[in-house]
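Read the structure below first, then the notes.
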Amino acid sequence: MQAARGSRILKKLNAKVRTFSSIPFLESQPKATVSKLGNGMRVASEPCSGDTVTVGVWVDTGSRYETEENNGVAHFLEHMFFKGTKNRTQTQLEVEIENMGGHLNAYTSREQTVFFARVFKKDMARAVEILSDILLNSNFDQALIDREKSTILREMQEVESEVEEVVFDRLHETAYRGSSLGRTILGPTENINAMDQAMIKDYVETHYTADRMVVVGAGAIDHDELVKLADTHFGGVSAESKKEITFEEAVYTGSEIRMRYDDMPDAHIAYALPIGGWADPDSFPFMVMQNMIGTWEEGMPGGKFARNPLIAKCAEQRMAKKISAFCTQYSDTGLFGVYAVGEPMALDDLMFNVQGTVTDFAYEVDEQLLEQAKKQMIIQHLAIADGSTSVCEELGRQMLSFGRRLHPVETVARIQAVDSAAIKAAADKFLYDQCHALAAIGPTHEMKDYVQMRRGTYRLDC
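The numbering of the sequence shown is the numbering used here, which starts it at 123 and goes up by one.
Written as structure tokens, this is what we have:
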């Protein structure tokens with residue numbers, strides 16, 4: 123049954139690719155080129171218009187690859203890479219980037235760690251050398267580590283002041299309780315205070331190996347030149363780790379975390395159900411569903427007249443100040459749902475409508491809303507090609523997530539292949555009659571309990 127369904131999707135996808143070959147400039151969009159160095163490290167590049175180049179290193183590691191004891195080390199390490207190397211002090215590094223008119227940045231997620239630089243075309247070689255210097259020659263002096271602890275603790279305080287950030291951390295904590303995917307990226311305070319040189323060096327030796335790293339470039343770039351630079355500066359990286367990689371299986375648990383604070387003006391709620399990972403065949407239907415629900419905030423024009431009934435009701439009846447659908451995916455799992463900032467006395471009605479909107483995908487699909495969402499997704503995707511940094515980020519993410527780059531023709535075809543039958547099938551498989559995960563912070567007293575809300579994942583009138 124599954125094989126037959128997959129065959130139908132493939133036939134439909136091929137048909138859509140042919141249909142969209144007539145879109146102006148879509149077929150002629152440049153394709154990514156991928157090479158492999160002698161040590162197994164991949165080098166991927168994609169040309170795009172402009173005089174700038176964005177080059178970076180995408181590493182297949184993040185907080186999910188940590189243990190309970192070293193949770194937070196991936197993010198801490200990201201900070202330490204900018205504190206000076208054997209060849210440059212922190213000040214020299216900053217001045218050199220500024221003198222080039224460049225921009226150097228990095229971020230850590232649950233499954234990926236990224237370092238990239240945006241510079242003018244003529245400075246690409248220097249940018250690649252700088253990236254290799256900070257990744258391969260950084261100073262992990264204990265005094266610098268101790269000094270950075272206070273910076274990260276301040277960053278933690280800033281994150282904790284952002285209620286939306288905290289809600290999504292609590293959502294992961296309850297949905298993936300007891301596993302690494304449920305832990306925060308920054309880690310707990312006690313781990314930050316206990317961070318030392320040995321812990322950081324061990325993490326680098328274990329995870330920063332050629333088989334887990336991709337050198338990525340986009341913009342006014344020559345692929346052969348990038349390969350030569352990568353070979354010169356990253357060719358000596360160990361081919362693979364000699365130590366065992368920590369990677370815990372994602373085990374979803376339908377559950378909730380409620381943090382009741384009656385003195386807060388609004389309730390912040392994240393409601394989610396489990397879906398497949400990036401490579402799951404139903405990924406595109408869920409991305410379309412996310413766009414069908416959309417995002418709305420109080421003060422935005424047209425809320426009462428929105429095509430989506432959830433947003434229209436929230437705007438008209440003042441049940442919420444914000445509605446935002448999300449589709450968060452990882453290598454083997456994901457969460458699909460709605461984040462809402464609700465009026466305390468309207469939470470019962472709000473969650474009834476939120477659950478109804480999500481559950482209804484398994485029963486009926488608004489064809490006009492579906493087509494509208496697909497067009498919006500195509501426009502959003504094509505907008506990525508507007509700059510070297512956005513193209514580079516998309517290329518790097520896809521190289522780690524899919525092992526290849528999805529050309530715009532394929533992406534648009536996959537979006538267009540999503541019809542009401544695909545939406546219903548995906549919703550029936552993942553959303554219908556499933557135990558939900560919920561995180562709520564604020565005056566939550568008007569919300570039904572978990573068992574009562576569980577009944578909202580199916581309808582009795584059909």
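Every residue gets a Cβ at the ideal spot worked out from N, C-alpha and C, and that includes glycine. Predicted, not measured: the structure shown is a model, and the values here were computed from it.
Residue of the options minimising C-alpha distance to residue i
i, options, result
"Leu560", "Ala507, Pro396 and Thr174", "Pro396"
"Ser157", "Arg440, Val349 and Ile501", "Val349"
"Thr368", "Ser302, Tyr485 and Ala352", "Ser302"
"Arg382", "Tyr485, Asp173 and Glu568", "Glu568"
"Pro152", "Ala495, Asn161, Pro169 and Ala468", "Pro169"
"Ile445", "Asp488, Gly178 and Leu472", "Leu472"
"Ala507", "Leu522, Ser523 and Val531", "Val531"
"Tyr374", "Glu280, Phe204, Gly525 and Leu293", "Leu293"
"Thr189", "Gln574, Gly300 and Gln451", "Gly300"
"Ala154", "Ser363, Leu517 and Glu419", "Leu517"
"Tyr554", "Asp571, Ala535, Asp470 and Gly578", "Gly578"
"Tyr187", "Leu159, Thr230, Glu277 and Thr211", "Thr230"
"Gly160", "Gly206, Asn259 and Thr354", "Thr354"
"Val179", "Asn227, Glu465 and Leu432", "Asn227"
"Asp263", "Lys208, Thr306, Met246 and His529", "Lys208"
"Gln439", "Asp470, Gln520 and Glu347", "Asp470"
"Phe448", "Val476, Phe204 and Thr328", "Val476"
"Thr450", "Phe483, Ile501 and Gly398", "Gly398"
"Glu370", "Gly206, Tyr452 and Phe356", "Tyr452"
"Gly162", "Arg536, Gly525, Ala361 and Gly509", "Ala361"
"Ile379", "Phe458, Phe290 and Gly459", "Phe290"
"His558", "Thr417, Asn261, Glu220 and Gly456", "Gly456"
"Ile500", "Thr479, Gly206, Val540 and Lys570", "Val540"
"Met246", "Leu275, Glu347, Glu515 and Tyr461", "Glu347"
"Asp550", "Lys496, Phe483, Glu465 and Ile274", "Phe483"
"Glu493", "Gln412, Thr211 and Ser377", "Gln412"
"Gly357", "Asp384, Pro387 and Ser254", "Ser254"
"Thr183", "Glu327, Met317, Gln212 and Val217", "Glu327"
Beta-carbon proximity of residue i to residue j, cut-off 8 Å
i, j, result
"Phe408", "Ala548", "yes"
"Gly304", "Glu295", "yes"
"Thr481", "Arg240", "no"
"Val410", "Ile545", "yes"
"Asn192", "Tyr330", "no"
"Asn430", "Leu351", "no"
"Met414", "Ile322", "no"
"Leu522", "Gln234", "yes"
"His345", "Ser167", "yes"
"Phe242", "Asp333", "no"
"Lys364", "Asn315", "no"
"Leu308", "Gly194", "yes"
"Ser542", "Val487", "yes"
"Leu148", "Val534", "yes"
"Val288", "Glu282", "yes"
"Phe237", "Leu257", "yes"
"Tyr485", "Arg581", "yes"
"Glu419", "Lys435", "no"
"Gln538", "Leu528", "no"
"Ala401", "Phe524", "yes"
"Ala437", "Gly425", "yes"
"Val165", "Ile343", "no"
"Asn261", "Lys205", "yes"
"Gly459", "Ile433", "no"
"Tyr461", "Glu286", "yes"
Beta-ladder partner(s) of residue i, from DSSP
i, result
"Met381", "Ile563"
"Trp180", "Val236 and Val336"
"Phe242", "Thr174"
"Ser272", "Ser272 is not bridged to any residue."
"Gly341", "Pro169 and Val175"
"Asn227", "Phe238"
"Gly464", "Ala389 and Ala442"
"Ala653", "The chain is shown only over 123 to 584; residue 653 falls outside these bounds and no answer can be derived."
"Thr155", "Ser167"
"Ile267", "Looking at the DSSP assignment, Ile267 forms no beta bridge with any residue, so it has no partner."
"Ile397", "Gly456"
"Thr207", "Ser260"
Chain C contact for residue i (CB, 8 Å cutoff)
i, result
"Gly160", "Considering every chain present, this structure includes no chain C. It has just one protein chain."
Within the chosen definition, does the segment 335-344 reach the segment 237-252 through at least 3 CB pairs nearer than 8 Å? yes
Completely contained alpha helix (DSSP H) runs for the segment 406-461, where each covers 4 or more residues: 431-439
Touching by the beta-carbon criterion (3+ pairs, under 8 Å), the segment 561-570 and the segment 382-400: yes
Inspect the CB distances between the segment 188-202 and the segment 263-271 and report whether three or more fall short of 8 Å. yes
Let me know the beta strand (DSSP E) ranges lying completely inside the segment 292-376, each 3 residues or longer, listed in chain order. 335-341
Please give the ranges of any alpha helix (DSSP H) in the segment 468-552, keeping only runs that are unbroken, at least 4 residues long and fully inside the region. 469-481, 489-505, 510-523, 530-538 and 542-552
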